[in-house]
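Here is the structure we will look at, set down as structure tokens.
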Amino acid sequence: MTSTKQLLVDLHVKYIQSLDTKKDDLEYWLTEHLRLSGIYWGITALDLLKNLDALNKEDVVKYVVSCQHDNGGFGGHVGHDPHLTNTLYAVQILLIEDALDAVNIEKIVEYVASRQDRQSGAFTGDEWGEVDTRFSYCALSCLSLLKRLDAVDVDKAVEFIMLCKNFDGGFGSTPGAESHAAQIFCCVGALAIVNSLHLVDADLLGWWLCERQLKNGGLNGRPEKLEDVCYSWWVLSALSILGKIHWINKEKLIEFVLAAQVYTLWSHFLALTRTFSNAKSFKDPESGGIADRPGDMADVFHTLFGIAGLSLLEYPDLKSVDPVYCLPKYVVQRIGLAERYHV
Ligand code: GRG
Ligand code: ZN
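Just so we're aligned, residue 1 is where the sequence shown starts under UniProt numbering, counting upward by one.
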């Protein structure tokens with residue numbers, strides 16, 4: 001293992017492509033419930049890397065359609081129970097593939113609306129009843145992408161999110177819960193979607209967010225915790241929505257994310273000498289993808305959020321990502337939703 005100062009695009013594309021071919025690995029079967037989310041993380045990363053074609057569109061759309069239930073919701077894999085999170089991921093994948101017409105949109109709207117508790121405004125993730133601000137985000141993002149926010153009580157949804165705001169300007173998962181960067185992304189993103197960013201204490205929250213950067217350049221999710229590549233998304237997207245991305249040290253964060261890339265010296269050599277993309281049959285299971293921090297194993301979740309973070313930091317040769325929807329910006333523009341939010 002050595003340190004690199006550049007994004008290893010070819011290796012990451014190969015890594016994402018190889019994820020569905022590891023059927024001999026126990027891990028492949030143990031993570032079955034993450035199959036649909038894995039496709040969202042993988043395909044979004046590929047698109048930002050300008051390699052959307054690396055996965056076959058027809059196969060992807062067919063698989064997503066097969067995860068939908070009669071009630072309109074999507075499960076994490078064929079036959080798995082429907083869940084709000086997977087329903088958002090399904091809509092996001094179909095939008096990236098420009099194939100929303102492959103599913104019944106009215107049924108999706110019905111399912112998402114059915115998850116709101118009309119009294120509190122909160123959303124439950126599934127029929128088991130867990131309430132969390134990340135489900136508020138999933139519901140509002142999904143309905144907004146489908147242009148059907150009218151199907152829920154938006155004022156009540158905002159009321160619930162504001163009950164989860166804390167003294168430090170941040171947001172937690174439920175009223176009284178500690179501020180956490182991932183919940184902050186969900187709450188700030190949801191408020192942006194429904195034009196309610198004026199309810200955020202932008203300076204106070206901006207301070208809390210930029211204090212997440214540690215000496216090694218990486219960001220943590222709350223005080224006293226370890227740095228982790230995925231916070232390059234959760235923290236940076238919120239800062240970006242608030243117009244304060246310049247409050248963190250960009251160069252140090254880029255260095256940290258690049259150092260969390262996984263590769264062997266041989267793959268690195270091939271990538272550097274540009275022979276890699278020609279060596280179609282070359283496979284190196286140890287290479288490609290981004291880990292949560294330098295030295296750890298890669299996974300597709302951290303691969304997306306590392307790349308999306310780099311995109312927010314305007315790293316060269318990446319497509320721009322939308323900080324509210326976590327979709328490539330051109331996709332959000334294609335449906336006429338880009339740049340509607342203001343602090
Ligand atoms: C479209 C990007 C996108 C998201 C959809 C499902 C969802 C909405 C958001 C998930 C938000 C969430 C709660 C993510 C978890 C992030 C995370 C790394 C949690 C780990 O927390 P701890 O406390 O770890 O276990 P730390 O880093 O604090 O040690
Ligand atoms: Zn992480």
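For each residue, glycine too, the CB sits at the ideal point set by N, CA and C.
For Gly218, count neighbouring Cβ atoms within 10 angstroms of its own Cβ and tell me buried if that reaches 16, exposed if not.
Result: buried.
In this structure, does DSSP put Gln116 in helix, strand or coil?
Looking at Gln116 - three-state DSSP - the assignment turns out to be strand.
Please determine whether the Cβ atom of Gly221 lies at a distance below 7 Å from any heavy atom of ligand 1.
Gly221: yes, Cβ under 7 Å from ligand 1.
List the whole-angstrom C-beta distance separating Cys164 from Ala181, where the pair is believed to meet the contact cut-off of C-beta under 8 Å.
At roughly 14 Å, the Cβ-Cβ gap does not stay under 8 Å, so Cys164 and Ala181 are not in contact.
Grouping DSSP H, G and I as helix and E and B as strand, with all else coil, what is Phe123?
Three-state result, Phe123: strand.
Given a cut-off of 8 Å, decide if Phe305 and Trp233 are closer than it, judged by their beta-carbon atoms.
Going by C-beta atoms, Trp233 is nearer than 8 Å to Phe305.
Would you kindly work out how many angstroms separate the C-alpha atoms of Phe301 and Gly42, rounded to a whole number?
Approximately 8 Å between the Cα atoms of the pair.
In three-state terms, what does DSSP make of Ile290?
Ile290 falls in the strand class under three-state DSSP.
For ligand 1, is there any heavy atom lying closer than 7 Å to the beta carbon of Lys329?
It does not: the Cβ of Lys329 is nowhere closer than 7 Å to a heavy atom of ligand 1.
Using only the alpha-carbon positions, how far apart do Met1 and Ile241 sit?
The pLDDT assigned to Met1 is 40, lower than 50, so where the model puts this residue is not dependable, and the model offers no usable value.
In chain order, what residues have a CB nearer than 6 Å to some heavy atom of ligand 2?
Matched residues: Asp228, Cys230, Asp292, His302.
Compare the C-alpha of Gly288 against each of Gln261, Ala338, Pro294, Asp70 and name the closest.
Checked all of Gln261, Ala338, Pro294, Asp70; the closest Cα to Gly288 is Gln261.
At a cut-off of 7 Å, is Arg212 close to ligand 1 when judged by its beta-carbon and the heavy atoms of the ligand?
Incorrect: Arg212 has no Cβ contact closer than 7 Å to ligand 1.
Can you give the Cα-Cα distance for Leu226 and Asn220, rounded to whole angstroms?
Distance between the alpha carbons of Leu226 and Asn220 is about 6 Å.
So, with DSSP's three-state summary, where would you put Ala177?
The answer is coil: DSSP assigns Ala177 none of H, G, I, E or B.
Would a C-beta distance cut-off of 8 Å place Leu52 and Val321 closer than the cut-off?
Contact: no.
So, helix, strand or coil for Leu219, using DSSP?
Strand, per DSSP.
Output needed for His69: all residues of its chain with C-beta closer than 6 Å, excluding positions within five of it in sequence on either side, in chain order.
Cβ within range, chain order: Pro82.
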